[in-house]
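Engineer: Position 48, counted from 1, in the sequence shown is what the numbering used here calls 62; the numbers after and before it change by one each time, with no gaps.
Where is the CB? At the ideal position from N, CA and C, for every residue including glycine.
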Amino acid sequence: SVRTNPVVIRRLMTELEKAGLVRSVAGRSGGFHLQRPADQITLADIYHAVEDDAIFRMHRTDPESKCPVAVQIGKVLAAPLRAAEGALATSLARTTIRDVTEAIV
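In structure tokens form, the structure reads like this:
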């Protein structure tokens, strides 16, 4: 069990369906089915289907102009955060649904 509200799961599955990764099948033996083979769907595909923003975010509002740390922190952390995000994206793109299921089963 993922121990979360079923509404959350339905919303995520709807996003995956919109992205063409799964399709819903109604009825007694219904549910969700992959639209492509498991070795052709990456964790990056899934991430991009359900998230619409950068992994790492800085201030959503303007920083306090009187605080030298707040003013500079975005500039200082921008490059390391981009590098970390790039590394994560590369790793997610290398990992398929098949990889995950084989590791679990």
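Could you give the residue range of the beta strand (DSSP E) that holds L48?
Structural biologist: Start and end: G45 to L48.
Engineer: Hey, R112 and D53: beta-carbon distance below 8 Å or not?
Structural biologist: A contact, by the Cβ cut-off of 8 Å.
Engineer: Per DSSP, what kind of secondary structure is S105 in: helix, strand or coil?
Structural biologist: Here S105 sits in helix by DSSP.
Engineer: Below 8 Å on the Cβ atoms is my guess for L106 versus L57; work out the distance and round it to an integer in Å.
Structural biologist: Contact flag correct, Cβ pair sits at about 4 Å.
Engineer: Would you say the region 28-42 touches the region 60-67, given that touching needs at least three Cβ pairs under 8 Å?
Structural biologist: With the cut-off at 8 Å, the region 28-42 and the region 60-67 touch.
Engineer: Run the CB neighbour count on I23, radius 10 Å, all protein chains shown included, and call it buried at 16 or more, exposed below.
Structural biologist: Exposed, since its Cβ has fewer than 16 Cβ neighbours within 10 Å.
Engineer: Buried or exposed: L30, going by 16 or more other Cβ atoms within 10 Å of its Cβ?
Structural biologist: By the 10 Å Cβ count, L30 comes out buried.
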